[in-house]
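Counting from 1 along the sequence shown, just add 226 to a position and that's the residue number in the numbering used here.
Just below is one structure, and these are the notes that go with it.
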Amino acid sequence: MNNKEFISEMALRSGYTQADVQKLVNTLIEGMGNSFEAGENVSLSGFGTFEVKKRMERVVVNPSTGLRMLVPPKLVLAFKPNASVKEKLKNGGENND
227 MNNKEFISEM ALRSGYTQAD VQKLVNTLIE GMGNSFEAGE NVSLSGFGTF
277 EVKKRMERVV VNPSTGLRML VPPKLVLAFK PNASVKEKLK NGGENND
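Right, dumping it as structure tokens:
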């Protein structure tokens, strides 16, 4: 599902216009981005948690040349799904409610 399809589906389900839904989604993404930049986690009830984690520096080897390089530490974004989301995925997306 791409962004346009997502906005259309949300507008249909919520009864809002696509323009209103687009503004809401953009505001949500901007707020989450600001939280990530501040190093904060974002938890969405019933869905999961987005976490900012630090990946330590490491040595990697280029397989074609054998050259060893040091990759500096960096921050990465990780997602940890809620238990109910994990269960739905494990059951092939079936709704067990």
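Every residue gets a Cβ at the ideal spot worked out from N, C-alpha and C, and that includes glycine.
Other residues of its chain near residue i: CB distance less than 7 Å, five sequence neighbours each side excluded
i	result
V302	K279, R281
S261	V268
D237	The question names Asp, yet the displayed sequence has Ala at residue 237. Within the same chain, A237 has close Cβ partners T243, Q244, V247.
S234	Q244
DSSP three-state assignment for residue i, whether helix, strand or coil
i	result
M258	helix
R239	helix
Given residue i as reference, the closest of the options once Cα atoms are compared
i	options	result
A304	E313, E277, V287	E277
N308	S269, V247, R284	S269
E283	K249, G257, K306, M295	M295
P298	S290, T291, V286	V286
E313	G274, G292, S290, L293	G274
Cutoff 6 Å; reference residue i; Cβ partners in own chain excluding five residues on either side
i	result
I255	none
Can you list, in chain order, the stretches of the alpha helix (DSSP H) that have 4 or more residues and sit fully within the segment 242-307?
244-263
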